[in-house]
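Okay, structure first, notes after.
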Ligand SMILES: [Zn+2]
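Numbering (the working numbering), first residue to last: 6 to 75.
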């Protein structure tokens with residue numbers, strides 16, 4: 006499975022986390038976050054240089070936000 010497929014697969018089941026104010030509805034302490042997996046075949050140095058993204062989904066209005074993980 007390549008990383009794009011894996012990323013898509015992962016975002017189907019977003020994990021619940023806390024501590025988030027939705028930029029859209031300004032509510033939604035409930036939200037879901039998924040961290041992008043590293044692409045396959047990256048060595049340790051490649052992983053250090055690769056900026057992963059996360060997807061947050063507001064549990065109130067269901068808006069999704071992509072942001073850098075680090
Ligand atoms: Zn929201």
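Cβ atoms here follow ideal geometry from the backbone N, Cα and C, with glycine treated the same way. Here the structure is a predicted model, which means the values were calculated and not measured.
Cα atoms of residue 7 and residue 32: separation of roughly 35 Å, rounded to the nearest angstrom. Burial check for residue 39: the Cβ neighbour count within 10 Å reaches 16 or more, so the residue is buried. Counting C-beta atoms within 10 angstroms of its own C-beta, residue 50 has fewer than 16 neighbours from the protein chains shown and is therefore classed as exposed. Taking 7 Å as the cut-off, the C-beta of residue 38 does not count as close to any heavy atom of ligand 1.
In this structure, ligand 1 has a non-hydrogen atom nearer than 7 Å to the beta-carbon of residue 29.
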